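Those protein sequence lines, which keep their order, are chains C and W. Residue 1 is where the first sequence starts when you use my numbering, and the numbers rise one by one after that. Residue 118 is where the second sequence starts when you use my numbering, and the numbers rise one by one after that. Heads up, the beta-carbon is just placed ideally off N, CA and C, and yes, glycines get one too. Please read these numbers as outputs of a predicted model, since none were measured by experiment. Worksheet for the structure shown next.
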Amino acid sequence: DTEVTQTPKHLVMGMTNKKSLKCEQHMGHRAMYWYKQKAKKPPELMFVYSYEKLSINESVPSRFSPECPNSSLLNLHLHALQPEDSALYLCASSQLLYGQGGSDTQYFGPGTRLTVL
Amino acid sequence: GDSVTQMEGPVTLSEEAFLTINCTYTATGYPSLFWYVQYPGEGLQLLLKATKADDKGSNKGFEATYRKETTSFHLEKGSVQVSDSAVYFCALSDPEGAQKLVFGQGTRLTINP
């Protein structure tokens, strides 16, 4: 089973709202990722968690706040977003600890389509 | 740094045509190579992968061979179907480094009946 689930599938929010995106995997993977994908572009890495610890923050604005409550769950808290933050937000997971080295494969969820009004 | 270059799209073919999507890479080490597919309105799905030179990845009739001498990982399918219409991303990760995925720009494929 290589399933990563994400909720909600679609989200519309105003610039003053606070919302959260959720991601879950039950593959025993040790690393989890958040990506942002704009239309007709490849995904851009935002954050990486290894064993519930933040390993990478790719200079993401503080209005995006990640959280990893346990090794199977990953949240992305959203606050005071801008219209240009509208995008598809993808979660992924992989077996190895980030930076551990070795051949690894990332498995992606279906994404959350976010629209900021 | 590492990079991936894909053939520019969009690519439009008729059903049952032969497909090739070119992908070349630049990497200092010996990367693992991947093809991901993204159907309309969906996330990325792993299509196939190869982890060392001369490995052939295959899935759903698609194939790609890791060619170290030409630093290429071209995606091929002998007979495409309308359901293959999607965006295809070539990607690499460096096993010696932090396993960060480096994506190509993506190739949009449309198959007409």
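Beta-carbon gap between residue i and residue j smaller than 7 Å
| i | j | result |
| --- | --- | --- |
| serine 93(C) | methionine 32(C) | yes |
| arginine 30(C) | leucine 76(C) | no |
| glutamine 123(W) | cysteine 140(W) | yes |
| lysine 194(W) | glycine 178(W) | yes |
| valine 199(W) | proline 230(W) | yes |
| serine 72(C) | glutamate 24(C) | yes |
| threonine 112(C) | leucine 11(C) | yes |
| phenylalanine 190(W) | lysine 166(W) | no |
| leucine 38(C) | alanine 87(C) | A small fix is needed here, since residue 38(C) is lysine in this sequence, not leucine. Yes, the Cβ-Cβ distance between lysine 38(C) and alanine 87(C) is below 7 Å. |
| serine 202(W) | leucine 226(W) | yes |
| proline 110(C) | glutamate 159(W) | yes |
Residue-chain proximity (residue i, chain C), Cβ-Cβ < 7 Å
| i | result |
| --- | --- |
| glutamine 123(W) | no |
| leucine 218(W) | yes |
| threonine 168(W) | yes |
| leucine 164(W) | no |
| glutamate 159(W) | yes |
| serine 149(W) | yes |
| glycine 174(W) | no |
| glycine 126(W) | no |
| glycine 178(W) | no |
| glycine 118(W) | no |
Residue i at chain W interface by Cβ criterion, 7 Å
| i | result |
| --- | --- |
| phenylalanine 108(C) | yes |
| glycine 28(C) | no |
| leucine 21(C) | no |
| threonine 93(C) | The sequence shown places serine at residue 93(C), rather than the threonine named in the question. Judged by the 7 Å Cβ criterion, serine 93(C) is not in contact with chain W. |
| serine 103(C) | yes |
| leucine 73(C) | no |
| proline 42(C) | yes |
| leucine 90(C) | yes |
Neighbour-count burial assignment, residue i, 16 or more Cβ in a 10 Å radius
| i | result |
| --- | --- |
| aspartate 171(W) | exposed |
| glycine 101(C) | exposed |
| phenylalanine 206(W) | buried |
| glutamine 155(W) | buried |
| glycine 28(C) | exposed |
| glutamine 82(C) | exposed |
| leucine 90(C) | buried |
| proline 8(C) | exposed |
| valine 197(W) | buried |
| glycine 223(W) | buried |
| tyrosine 107(C) | buried |
| lysine 36(C) | buried |
| leucine 54(C) | exposed |
| leucine 117(C) | exposed |
Which residues DSSP lists as bridging residue i, in chain order
| i | result |
| --- | --- |
| methionine 32(C) | Tyr49(C), Ser93(C) |
| tyrosine 98(C) | In the DSSP output, where bridge partners are listed per residue, tyrosine 98(C) has none listed. |
| lysine 40(C) | In DSSP, lysine 40(C) forms no bridge with anything. |
| proline 66(C) | Leu76(C) |
| glycine 174(W) | Ala181(W) |
| threonine 112(C) | Tyr89(C) |
| tyrosine 156(W) | Tyrosine 156(W) pairs with nothing; no bridge assigned. |
Within-7 Å CB hit, residue i to chain B
| i | result |
| --- | --- |
| glycine 223(W) | Structure shown: chain B not included; protein chains present are C and W. |
Exercise. Give, in chain order, every residue of the stretch 189-212 of chain W whose Cβ lies closer than 7 Å to some Cβ of chain C.
Key: Phe206, Ser210, Pro212
Quiz item: Any residues in the stretch 4-19 of chain C with a beta carbon nearer than 7 Å to a beta carbon of chain W? Which ones, in chain order?
Solution: none
Practice problem: Taking a Cβ distance cut-off of 9 Å, strictly less, list which residues of the stretch 50-68 of chain C are near chain W, in chain order. | Solution: Ser55, Ile56
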